[in-house]
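Q: Going by the numbering used here, the sequence shown opens with residue 943, and the numbers climb by one from there.
Ideal Cβ placement from N, Cα and C applies to all residues, glycine included.
Computed from a predicted structure; not experimentally measured.
My questions will all concern the structure given below.
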Amino acid sequence: RHCTDIICCVIFIVVILGYIALGVVAWVHGDPRKVIYPTDSYGQFCGQRDTLNENKTILFYFNILKCASPVVLINLQCPTTQLCVSKCPDRFATYIDVQASYRYRPDQWNYFRQFCKPGFNNPRKSIAQVLRDEDCPSMIVPSRPFLKRCFPDFSTKNGVLTVANQTTFKDGRGKTRNVTDLREAANGINNVLDARSVGMKIFEDYAISWYWILIGLFIAMMLSLLFLVLLRFTAGVLFWIFIFGVIGIIGYGIWHCYWEYDHLKGIPGSDLTVYDIGFQTDFKVYLQLRQTWLAFMIILCGVEVIIILMLIFLRNRIRIAIALLKEGSRAIGYIMSTLFYPIVTFLLIAICISYWAVTAVFLATSGEPVYKVMANQALCKYANLTCDPETFNKTNVTKLCPGAQCTFAFYGGESLYHKYIFIFQLANAFVFLWLVNFAIALGQCTLAGAFASYYWAYRKPADIPLWPLFSSFGRAIRYHTGSLAFGALILAIVQLIRVILEYLDHKLKGTQNSFTRFLLCCLKCCFWCLEKFLKFINRNAYIMIAIYGKNFCTSAKEAFFLLMRNVVRVAVLDKVTDFLLFLGKILVAGGVGVLAFFFFTRRIPVFAQEVPMLNYYWVPLLTVIIGSYLVAHGFFSVYAMCVDTLFLCFCEDLERNDGSTAKPYFMSASLHRILGKKKLSPKKA
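Structure representation (structure tokens):
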């Protein structure tokens, strides 16, 4: 063996060093507090320790009507004065009313002035001057904090939009306005508040059910391991059992849906449609409708018919695939450590994700506070120009534009670093994709090397090298880092292009240009297909690299033409195997899911008292089902890599050897018989 794709290896190492340097620079310039804490009009953080705003954790908007929507409030700067306060207003009040009653009820002024600029205590100042200087808001409305910002406390009563049970309010400028003036903001705010309520309930469910979720995932892991162990001895019987098990589970689902559908017959309200009741956060509401269970039953029936038809037409191919799976099971039995290698890949990807996320946050929060002129007059020529708050009052801007203020706008800067923040974010995303694909490539090459050492062992298991997994990992790192980085680079470029296309599609969703949308759709489809093709080529190229130690391009070419020369076998063996393994994942996830369903719905009498009280029982249920599928996928992905490696080795074995004494086959006798060879020359002792 020798080092391959050295140039790409050097570039990869340089890029990693540059990526580390980018993270250090972002860490020096960035400040995550800008994400954690809201910022007032003076660039100060609300709720930051050891500052005047330490006890003022919420951001208050003087005139929320100018903000239009919560998206503007959260992501951009609203064109009104913003102030850090300790709590949101809980009543309606206007500056005019408070000023008029100051002599008789000073407590109202004391309450109102906490939403004025710090230090302002002059209730006799005219409303025109107060609004010009923006010393106080013209009005306050009952609000509640969300994302550490004060939003009006909207609610719907008998189909009428209200704020604190009122439909009108005084705007502080002598007019009485309807709450519907806030409808544009209210629509978005109500949605995010509902989402927040649901999110809190989901968090509570996770907090009290995490222990049982872990138990469910542990059961899924044990089932996956048991499945792989049994596969070595009873592959055929076990596969037919779980195939019919999947059919049985779906059949039970069909029967249960029919039973629920028939049971709800005649119950008042059960004949309503989903359209009639609209969107409901409580999933149980839909389970009281006959239409819901009828839809579930139709879907399950369709899935059942498709699976049965596929089994009928693929029955002969399944027999061939089972033989290959037995050989794969035998290989894993000799190299059991491969089952736990996905943990290494998971840790490497977790490190990449963590570093990317932290770097992205620090890059996004890089920069110094930028202040801009905010003028009440639309014709002010200085509006939106940058300014310095320390010297602003000494300039002519306040004279030419009465009421103009120098307020905080955003974080940025004029230095070379700040000008290229967007480029750095793109580089961060690109290197992240490169590193993730490299971690996956390293795992595939390592596993392929371990399983190839099993196949090419002349006498199994006597000739299998000691510690094949660790030896394969060492070879991949020492000799083929450049080749793995090359393959990962090609895939990362295509994935970055797909990300850019998705971004453009999101930005152009509102456009009326049909040709542009059609072109984007075609490009997205083409690059999706290209990514799938490259993943297939890379996977087999890494197998050839693990076997022969050649560079990436040579290995990819040889793997591609080898597969093309055996295209029928590829379709029959490889893809049918993938299908059967997918059914195995469904069986594990479905079995654990059914068990979790009976547990969390208190249908297992023995554990009925142990079940925690949940807001939504489907939260831990879906978590267990999805988690079980991912656990099974982790174990079965090793198995799939084993089968792919053995199949490629088998094709290579057939082309390089002829079964003679001089060139004996390396395949096992059972695999040799299944794949149609009549005579296998005895191997030398």
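Of the choices V1027, V1102, R1074, whose alpha-carbon is the least far from that of Y1053?
A: The option with the nearest alpha carbon to Y1053 is V1027.
Q: Should the region 1370–1384 be called in touch with the region 953–970, which here means at least 3 C-beta pairs below 8 Å?
A: Segments in contact, yes.
Q: If you measure between the beta carbons of F1577 and L1281, is that distance less than 8 Å?
A: Yes, the pair counts as a contact, with Cβ atoms nearer than the cut-off.
Q: Looking at C-beta atoms only, is the number of pairs between the region 1200–1216 and the region 1276–1294 that lie closer than 8 Å three or more?
A: Too few Cβ pairs lie closer than 8 Å, so no.
Q: Taking L1431 and C950 to be in contact with their CB atoms under 8 Å, please state how far apart those CB atoms are, rounded to whole angstroms.
A: Right, the Cβ-Cβ distance comes to about 7 Å (below 8 Å), so this counts as a contact.
Q: Can you name the start and end residues of the beta strand (DSSP E) that R1119 belongs to?
A: Looking at the DSSP string, the run of the beta strand (DSSP E) that includes R1119 is 1118–1120.
Q: Starting from I1295, trace the alpha helix (DSSP H) both ways and give me its first and last residue.
A: Residues 1283–1306.
Q: Do the region 1073–1082 and the region 1036–1055 touch if we need at least three Cβ pairs shorter than 8 Å?
A: Judged by Cβ distances under 8 Å, the region 1073–1082 makes contact with the region 1036–1055, as three or more pairs qualify.
Q: By the three-class DSSP mapping on this structure, what secondary structure does S1028 have?
A: Residue state, collapsed to three classes: coil.
Q: In three-state terms, what does DSSP make of Q990?
A: It is coil, neither helix nor strand.
Q: Does the distance from the CB of P1331 to the CB of Y1359 come in under 8 Å?
A: No. Outside cutoff.
Q: Got a sec? Which residues, its chain only, sit under 7 Å from L1305 by beta carbon, not counting five neighbours each side?
A: Only A968, G972, I1363, F1366, Q1367, N1370 meet the Cβ criterion.
Q: Whose C-alpha, out of G1491, P1344, V1247, R1420, is nearest the C-alpha of G1193?
A: Looking at the Cα atoms, V1247 is the closest of the given residues.
Q: Check whether the Cβ atoms of P1562 and W1154 sit closer than 8 Å, and answer yes or no.
A: Yes. Within cutoff.
Q: On the DSSP letters alone, give me the boundaries of the alpha helix (DSSP H) that L1206 sits inside.
A: Here L1206 belongs to no alpha helix (DSSP H), and DSSP marks it neither H nor E.
Q: Helix, strand or coil, according to DSSP, for Y1571 in the structure here?
A: If DSSP states are grouped into helix, strand and coil, Y1571 belongs with the helices.
Q: How should Y1396 be labelled, buried or exposed, when 16 other C-beta atoms within 10 angstroms of its C-beta is the threshold for buried?
A: Buried.
Q: Taking I1000 as part of the beta strand (DSSP E), name the residues at either end of that continuous run.
A: First-last of the beta strand (DSSP E) with I1000: 1000–1003.
Q: Give a yes or no on contact between the region 1159–1179 and the region 1552–1560, applying the rule of three or more CB pairs nearer than 8 Å.
A: No, the region 1159–1179 is not in contact with the region 1552–1560.
Q: I need the DSSP call for L981, collapsed to helix, strand or coil.
A: The question names Leu, yet the displayed sequence has Thr at residue 981. Here T981 sits in strand by DSSP.
Q: Within 10 angstroms of the Cβ of V952, are there 16 or more other Cβ atoms? Answer buried if so, exposed if not.
A: The residue is exposed, with fewer than 16 neighbouring Cβ atoms inside 10 Å.
Q: How many angstroms separate the CA atom of I948 from the CA atom of G1424?
A: Distance between the alpha carbons of I948 and G1424 is about 6 Å.
Q: Given a threshold of 16 other Cβ atoms within 10 Å of its Cβ, counted over all protein chains shown, does R1045 qualify as buried or as exposed?
A: The residue in question, R1045, is exposed, as its Cβ has fewer than 16 Cβ neighbours within 10 Å.
Q: With distances taken Cα to Cα, identify the nearest neighbour of T1519 among D1147, I1260, E1500.
A: With distances taken between Cα atoms, T1519 lies closest to I1260.
Q: Quick check on S1080: does DSSP put it in helix, strand or coil?
A: In the structure shown, S1080 sits in coil (DSSP, three-state: anything other than H, G, I, E or B).
Q: Helix, strand or coil, according to DSSP, for V1062 in the structure here?
A: Per the sequence shown, the amino acid found at residue 1062 is Phe instead of Val. Here F1062 sits in coil by DSSP.
Q: Please report the residue range of the beta strand (DSSP E) in which T1543 lies.
A: Unbroken run through T1543: none, as it is neither H nor E.
Q: Looking only at its own chain, which residues have a Cβ that is under 7 Å from the Cβ of L1446, when we skip the five neighbours before and after it?
A: Around L1446: L1462.
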